[in-house]
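Everything below concerns the one structure shown next.
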Amino acid sequence: MSFERTQEKLKILADAAKYDVSCSSSGSNRSNATKGLGDATGMGICHSYTEDGRCVSLLKILLTNHCIFDCAYCVTRKSNDIKRAAFQVQEVVDLTINFYRRNYIEGLFLSSGIFKSADYTMERLVAVAKKLRLEENFNGYIHLKSIPGASDELMKEAGLYADRLSVNIEIPTKEGLKLLAPDKNREDFIKPMIKVKNEIIQYNSEKKLIKSTPKFAPAGQSTQMIIGASGESDQQIMWTSDYFYKKFELKRVYYSGYIPISNDNRLPQLGTAVPMLRENRLYQTDWLMRFYGFDVHEILNNEHPNLDLDVDPKLGWALRNLGHFPVDVNKADKHMLARIPGLGMKSVHKIIQARRFRSLNWEHLQRMGVALNRAKYFLVCASNDFERRDLTGAQLKSLILQNSTSKYQKILSPQMNLFG
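Going letter by letter, the sequence shown gives residues 1 to 420 in the UniProt record's numbering.
Shown next, in the form of structure tokens:
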């Protein structure tokens, strides 16, 4: 095949892949022990950042943008009049190796439209990963998108060659999926997740007994939801995330603000702003659930079904629960320190370590990196100079916002109109 045709296909299928944001290699430790190509140890993908600040990338493409489904929210839906293309298995292998040799990438993120059937498509995704591992001795990072409805046998094989597997549930609720993708069944998304979870547990157990047991999806599995396409509340979105984290032990849930692509009356109109601020607030909520000890029901419930776009969700929770404050940083436990607005987990650990040797004052907290413009209203320390104001949550919010800036300031007003 000519270079020009390969280049054309790459342009089409790389552009089609940009709508999938579920790119992360965190958690993989596939080392290069065979003098092969690549090394996924500590690496990231899709211009992600590692813990030491390095920016890394991968080849992110679709195997094909042909699809048998007609999902209203998808740019590759079968009724959409777009250029179509498909890679052969060997073409993807060759592209990956050639790009790696030129130091363009450190891994592969491979997804696909569904052509012919779920198993037919999944077989080809697995074949790419298998060829890279066994024929090219490639030890770099591989992330495969699991095809909804694929057989258990294919999912098991996929996990032996890929570092991470992910099935996008696409829409947060069954009702939303039925509205926008009536040909799809939610259970087809769940089945591969169950298989991957069970295989990871089994392989990890066997690894403890037999060291030569191969790795199975060492970076785990993840999923992605489209936000703003089907009218779900933040409560519905995050309750769904909480369910998938607990039920399937996912490494990550990704939230992708819907980009209007058609005039379908079931969807936001063309020209509607992408809900970037809302997407950011959902990620912040996700972080609170995974690392700060918050239960999803504390942040979002029937009384508060949507996040406050004005402030981050931890500050929003604190403003609704002023009875828990002020917190004495020299006495409070880790759980309560983590709930103080302006304190990240690094600051929490610094405080716990430092107060073993002396009582902490404002100067100490500032040196630790505590965001005192917010935190000062919710804590006390070893100082007579502190903010003790008899203010309501609304008054305190207004005071904090007056002294704060946000990179989302320009889009805050239209976003509030969209999701108020």
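We put the CB at the ideal spot given by N, CA and C, even for glycine.
Check                                                                                                                           : Outcome
Helix, strand or coil at residue 431 according to DSSP, with G and I counted as helix                                           : Any question about residue 431 goes unanswered here, given that the chain covers just 1 to 420.
Sufficient close CB pairs (3 or more, under 8 Å) joining the stretch 176-191 to the stretch 127-142                             : no
Contacts around K130, its chain only, beta-carbon distance under 6 Å, and the 5 residues preceding and following it disregarded : Y161
CB contact flag (F115, K60, <9 Å)                                                                                               : no
Residue range of the unbroken beta strand (DSSP E) whose run includes F109                                                      : G107 to S111
Residues of its chain near L62, where Cβ-Cβ distance is below 7 Å and the 5 sequence neighbours each way are ignored            : L13, A16, A17, S111, S112 and G113
Range covered by the alpha helix (DSSP H) that runs through T223                                                                : First-last for T223: Q221 to I227, but that is the beta strand (DSSP E), not the alpha helix (DSSP H).
Local conformation of K254 per DSSP, three classes                                                                              : In the sequence as displayed, the identity of residue 254 is Tyr instead of Lys. Looking at Y254 - three-state DSSP - the assignment turns out to be strand.
Span of the alpha helix (DSSP H) around Y283                                                                                    : M276 to F291
CB contact flag (K314, R278, <9 Å)                                                                                              : no
Integer Cβ distance of V167 from S146, believed to fall under 8 Å                                                               : 4 Å
Where L379 sits in the DSSP three-state scheme                                                                                  : strand
Proximal residues to S222 (C-beta, below 6 Å), its chain only, five neighbours per side dropped                                 : S22, S166, L250, K251 and R252
Test item: CB-CB of G369 and S347 under 9 Å                                                                                     : yes
Start and end residues, alpha helix (DSSP H) containing K297                                                                    : It should be noted that the sequence gives His, not Lys, for residue 297. Looking at the DSSP string, the run of the alpha helix (DSSP H) that includes H297 is V296 to I299.
Assigned exposure category for R164 - 16 Cβ within 10 Å defines buried                                                          : buried
Cβ-based neighbour list, M416, same chain, cut-off 6 Å, excluding 5 preceding and 5 following                                   : Residue placement at M416 cannot be trusted, given a pLDDT of 37 that sits under 50; what the coordinates show is reported in the next sentence. Around M416: L309.
C-alpha distance - V92 paired with Y245, whole-angstrom precision                                                               : 32 Å
Stretch-stretch touch, CB-based, cutoff 8 Å, three pairs: the stretch 65-74 with the stretch 186-201                            : no
Closest residue to residue 443 among Y100, N98, G342 and G149 (Cα-Cα distance)                                                  : There is simply no residue 443 to check, as the chain begins at 1 and stops at 420 in what is shown.
Endpoints, the beta strand (DSSP E) within which S166 is located                                                                : R164 to S166
As assigned by DSSP and simplified to three states, the class of Y73                                                            : coil
Cα-Cα separation, I227 to Y283                                                                                                  : 12 Å
Where F3 falls, given that 16 or more other Cβ within 10 Å makes a residue buried                                               : exposed
Under 9 Å between C-beta atoms of D286 and M336                                                                                 : no
Selection from N280, R266, G257 and N265 that minimises the alpha carbon distance to A273                                       : G257
C-beta atoms of A118 and I171 nearer than 9 Å                                                                                   : no
Exposure of D295, with buried meaning 16 or more beta-carbon neighbours within 10 Å                                             : exposed
Same chain, Cβ closer than 6 Å to R133, five either side skipped, listed in chain order                                         : Y161
Contacts around Q235, its chain only, beta-carbon distance under 6 Å, and the 5 residues preceding and following it disregarded : L300 and P305
Range of the contiguous beta strand (DSSP E) that encloses L62                                                                  : L59 to L62
Of the residues N373, R374, A332 and G344, the one placed nearest L360, counting alpha carbons only                             : A332
Limits of the unbroken alpha helix (DSSP H) element including K208                                                              : R186 to L209
Three-state class that DSSP yields for D15 in the structure shown                                                               : helix
C-alpha distance - residue 459 paired with A217, whole-angstrom precision                                                       : Here the chain has residues from 1 to 420 only, and residue 459 is not among them.
Beta-bridge partners of Y141, as assigned by DSSP                                                                               : G107
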